[in-house]
Every structure is written in structure tokens, then in C-alpha cells.
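Novice: Last residue of the sequence shown: 1293 (my numbering), numbering continuous.
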Amino acid sequence: MAQVNVIGLGYIGLPTAGLLAQAGHQVLGVDVQAEVVDKINAGLPHFEEKGLKNLVEESVGSGLLKASQSPQKADVHLIIVPTPFIEEDKSADMSYVHSACENLAPVLEEGNLVVLESTSALGATRQDVMAVIEKTRPELKGKVHYAFCPERAIPGNTLYELIHNDRVVGGVNEASTEKAVAFYSTFIKGAILPADDKVAEMVKLSENAFRDVNIAYANELSIVCDELGINVWDVIRLANHHPRVNILQPGPGVGGHCIAIDPWFIVAASKAGNAKLMKQAREINDGKPHWVVGKVVEAVAKTNKENPTVGLLGLAFKPNVDDLRESPSLKVASLLKSALKANIIACEPYVEELEGFTLVSQEEILEKADVLVMLTDHDAFKTITLENLKGKQLIDTRGSIN
Ligand code: SAJ
């Protein structure tokens, strides 16, 4: 068993640190935020995720997981820090990765393994990790192993997916790949698939771009069907009976911090402009909230009321989570505020308060709304019946009510 530094204790870093400790490794979780470190040392996670509370309590209790603001000497160092999206030039902000590497460099020793897990632009393993470390510690050139190993876990089922999903591990040379494969095999039950760093980086981005392109197809189909007066939900349901067809679900757009962002890194990397389909898919999915707003504006006009009420169901980026990051539902809500004179109210069971919005209960929204817009189909909304919709206009972006 190894001594491991997990740098970055966020949505993936903390679960990974706990799972490593559970597998018997001695883990130091590193985070720049003192309050996060203190909480974890007290055995408490700082965010909600199924099973995480028990895992952190047990790992800290057994002495195998400790947290600190700075890394120590270890055999393996995993970098799992945020790489925020820079809207202006559609790039990844690698500054957290850079500072993680600068802090790590002084404790690194010959033979250590450094793995980048954060979603990154292509080339990051070499440019943003290896080169940054070698600048501070030139004497370690060629003596430290470097690899990229993207995570694939879905929020809401992170612990299960981290252990059971197959993982791609790409080293900067064969020895690095072998070392990383051997390490991940100590705690992952899925297959560990060897690659090189460039392939592994592209695998991560292309998985999310694949999904984005397929959702764009569903979103485009929904707009075409709407124009032609055809029920898209029936079309998809029936088309998917074909053994080789699996059309995804249209919605108000694509959100979250992964699928709506990663394809841009491929688009940016192809300087010759060859990533045409992926770029178009991004634009289709980003355009969907605007299309939904147009539909709501039309519906409001049809109410013939001077001051109608528009009720928005769900603001999170996908069902049954509290995450509002890059949420297309929230985008629709914000656009409607400037597009309409109407009263806008919203029901978001996973959020208590939200600046700039009037959040109400499901009961109240069903009572007051003249136009009801289904944006995020949380399970809680499954109780809504046709009876509830009498006298109202419905815009159902998820096809979950009609
Ligand atoms: N969506 C649709 N229609 C669909 C499926 C999804 O409109 O048929 C929308 C959702 O409502 C949401 C967005 O797409 O707004 C993304 O949701 P998601 O549940 O598909 O994915 P994420 O963003 O939560 O997680 C993704 C996953 N990647 C893939 O499925 C290829 C996850 O496995 C990755 O680990 C994660 O990105 C990541 O960290 O990259």
C-alpha cells in the first residue's frame, strides 16, 4: 500500500481520497481552504453525495485519511483540482493545476507518480503538470512518472461509479503508464485501460462531446417537429424501437460543468477548424434556452391577460440534483425576466433561496401560474396531473407531463 497525496478535495477528490483510504492506502487530502481541511479532519464531508458521509467518517476514524493545506512526501500524487471554464475564449483556466504543481514540486522525489485527473485542455499533462514541476525541480527531469487519468463518475452516484467504471490511464511514457495502471488497480474494480497521455486526454473530452452531439440531435429534432406539428416524444419513443437507434432526450439545453464545456476544448485545439459538428452541436444546445423563451413569450401573448403569471418548474441543470452550474433552466429563467413583463415564479425543490427569483411551493405554482414551463423534470414533479393543468398553457421542454 502506498502513501498518497490527493490534491483538491472537491466533488471527485474527496470521494477518491476516501476510497483510497478504504482500500488501505495512507492518504493525505490536500485543499487550500482551511475550513474544508478542518471539516474533513473532524470526519465530515463538506458537500452532499450518496454514501460519502460514512466513507469520510470511517476513513478519518481509521487514521488512513487526514487532511492538510499542504502536500507532504508521498509515493503517488493525484491532482484533482477545478479547471474553471473561461467564457471569453472558451478555454480552461489551468491556474489551480499550476499552483497545485508548484506546491507539490518541493516534496517530490525520484520514482514518484503524479497523475492529473482534472478535466483539462489537450496537452495539459505535459504542459501544465510535467513542465511546471520540471521548471522548479529540473534535476527530476525523466525521474518522475506522469499520467492522465480522467474520472467518469456521474454526480449522484459518484462512489459507485468511481470504483466500478472502467478507467483509461495514459502515461507520458510506457513506464509511467505501467506505474499508473498498477496503482489504479489497487482500488478500482472496473477495467484499467492503458493508453498514452494524449489519447487519455482526448478520450475524456470526446466522451462528453459525443453526448453533447447526441443531445444536440435530439434538441434539433424537437425544434423541427414543433415546426411541423409532430409530437417529438412519440417520434423518439417509436424510433428507439429500432435495434440500432437510441435517440436521447430533448430538453431546455445542456448544463453542468462537463458536457456543456469539454467539447469547446476540442474545437479550440483544432486550429484548422475541423471540429465542425462538435461546434455546431454546442451552438444548437446553447441556442435551445432562447428557443424555449420564444415559446413562452408566444404562450404568454395567448393568455390575453394584462399581468399573467409564468410558473417555472425546476431550475437545476438536471433532475434530482441541487446543482445550478451552467443550468439551461436557470438560463431560461434569466432570459424570461428581461423578455417578459409577466410575474415570474419558480419552484425548485432542491434550492431554498435564489437571489433575483421568487421561489414558491409546487402547490402555489400550480395554483397561480397561467403559463407553466417544465424545465427540470425532478421526480417530485411526477405528481402533477392533467387536472392540475386545466385552464393553463403548458410548455413542457422535457416531455415529462404530456
Ligand atoms: N441531458 C439532456 N438529454 C439527455 C441527457 C442529458 O438534455 O438525454 C442534459 C441534462 O439535463 C444536463 C446535461 O445534459 O443538463 C448533462 O447531464 P448528464 O447527466 O448527461 O451528465 P453530467 O454532466 O452530470 O456528467 C457527465 C457524464 N459524462 C457522460 O455521460 C459522457 C459523466 O460520466 C462525467 O463524469 C461528467 O460529465 C464529467 O465529469 O465529465
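Even for Gly, the Cβ is constructed at its ideal location relative to N, Cα and C. Source: prediction; values computed, not measured.
1) Taking 8 angstroms as the cut-off, is the beta-carbon of V1094 closer than that to any non-hydrogen atom of ligand 1?
2) Using a threshold of 9 angstroms, state whether the C-beta atoms of N896 and L919 are closer than that.
3) By alpha-carbon positions, which one of L1277, V1145, N1137 and S982 ends up nearest to L1221?
4) Let me know if T1276 comes out buried or exposed under the rule of 16 or more other beta-carbons within 10 Å of its beta-carbon.
5) Ligand 2 and L1129: does the residue's C-beta get closer than 8 angstroms to at least one heavy atom of that ligand?
6) Could you tell me if the beta carbon of P1141 falls within a distance shorter than 8 angstroms of some heavy atom in ligand 1?
7) Let me check understanding here. Comparing Cα to Cα, which of F1208, T1077 and H1132 lies closest to G1142?
8) So, for K1193: in the same chain, excluding its five sequence neighbours on each side, which residues have a beta-carbon less than 8 angstroms away from its beta-carbon?
9) Around the C-beta of D980, are 16 or more other C-beta atoms found within 10 angstroms, so that it is buried, or is it exposed?
10) Based on the DSSP output, what are the partners of Q894 in its beta bridges?
11) For the region 967-974 against the region 989-1000, do three or more pairs of beta-carbon atoms, one drawn from each stretch, fall closer than 8 angstroms, so that the two count as touching?
12) For ligand 1, is there any heavy atom lying closer than 8 angstroms to the beta carbon of I1045?
13) Looking only at its own chain, which residues have a Cβ that is under 8 angstroms from the Cβ of G1081, when we skip the five neighbours before and after it?
14) Taking the alpha-carbon positions, what's the E1278 to E1258 distance?
15) Tell me which residues share the same chain as L935 and place their Cβ nearer than 8 angstroms to its Cβ, disregarding the 5 neighbours each side in the sequence.
16) For R1058, which of helix, strand or coil comes out of DSSP?
17) V1072 to I1045, Cα distance in whole Å?
18) May I ask you to report which of helix, strand or coil DSSP gives L1096?
19) Any idea which residues DSSP pairs L1004 with across the strands?
20) Which of the three DSSP states is assigned to K1089 in this structure?
21) Assign R1289 to buried or exposed, taking buried as 16 or more other Cβ atoms, counted over all protein chains shown, within 10 Å of its Cβ.
22) Hey, how far is the Cα of C1040 from the Cα of T1016?
23) With DSSP collapsed to three states, give me the class of T1070.
Specialist: So, from the data block:
1) Residue 1094 sits at position 203 when you count from the first residue of the sequence shown. Closer than 8 angstroms to some heavy atom of ligand 1: that does not describe the Cβ of V1094.
2) Locating residue 896 in the sequence shown gives position 5, counting from the first residue. Locating residue 919 in the sequence shown gives position 28, counting from the first residue. N896 is a Cβ neighbour of L919, given a cutoff of 9 angstroms.
3) The residue given as residue 1221 occupies position 330 in the sequence shown. Here the closest residue by C-alpha is V1145.
4) The count along the sequence shown starts at 1 and reaches residue 1276 at position 385. By the 10 Å Cβ count, T1276 comes out exposed.
5) In terms of ligand content, the structure shown lacks ligand 2 and carries ligand 1 instead.
6) Working through the sequence shown from its first residue, we reach residue 1141 at position 250. In terms of side-chain proximity, the C-beta atom of P1141 is found nearer than 8 angstroms to a non-hydrogen atom of ligand 1.
7) Within the sequence shown, the letter at position 251 stands for residue 1142. Among F1208, T1077 and H1132, the Cα nearest to that of G1142 is on F1208.
8) As a working note, residue 1193 is residue 302 in the sequence shown. Same-chain partners within the cutoff: Q1284.
9) Here the question's residue 980 lines up with position 89 in the sequence shown. It counts as exposed.
10) By 1-based counting over the sequence shown, the position of residue 894 is 3. Answer is Q917.
11) Two segments are said to touch when three or more pairs of C-beta atoms, one from each, lie closer than 8 angstroms; by this definition the region 967-974 touches the region 989-1000.
12) Within the sequence shown, numbered from 1, the residue matching residue 1045 stands at position 154. I1045 Cβ: within cutoff of ligand 1.
13) On the sequence shown, residue 1081 is found 190 positions in, with the first residue counted as 1. Around G1081: I1054, H1055, N1056, D1057 and R1058.
14) In the sequence shown, counting from the first residue as 1, residue 1278 sits at position 387. In the sequence shown, counting from the first residue as 1, residue 1258 sits at position 367. The straight-line gap from Cα to Cα measures roughly 11 angstroms.
15) Taking the sequence shown and counting its residues from 1, the one referred to as residue 935 is at position 44. Here the set comprises K944, V947 and E948.
16) Counting from 1 along the sequence shown, the entry for residue 1058 is found at position 167. Looking at R1058 - three-state DSSP - the assignment turns out to be strand.
17) Numbered from 1 along the sequence shown, position 181 holds the residue referred to as residue 1072. Numbered from 1 along the sequence shown, position 154 holds the residue referred to as residue 1045. V1072 and I1045: Cα-Cα distance of roughly 22 angstroms.
18) Along the sequence shown, read from residue 1 onward, the residue named residue 1096 stands at position 205. Correct three-state label for L1096: helix.
19) Reading the sequence shown from its first residue, position 113 is the one you call residue 1004. For L1004, which the question treats as bridged, DSSP gives the partners V967 and H1036.
20) The residue you call residue 1089 lines up with position 198 of the sequence shown. DSSP, read as helix, strand or coil, puts K1089 in helix.
21) Here residue 1289 refers to the residue found at position 398 when the sequence shown is read from its first residue. Classification for R1289: buried.
22) Locating residue 1040 in the sequence shown gives position 149, where the first residue counts as 1. Locating residue 1016 in the sequence shown gives position 125, where the first residue counts as 1. Those two C-alpha atoms are separated by around 10 angstroms.
23) Walking along the sequence shown from the start, residue 1070 turns up at place 179. Looking at the sequence shown, residue 1070 is not Thr but Lys. In the displayed model, K1070 falls within a helix according to three-state DSSP.
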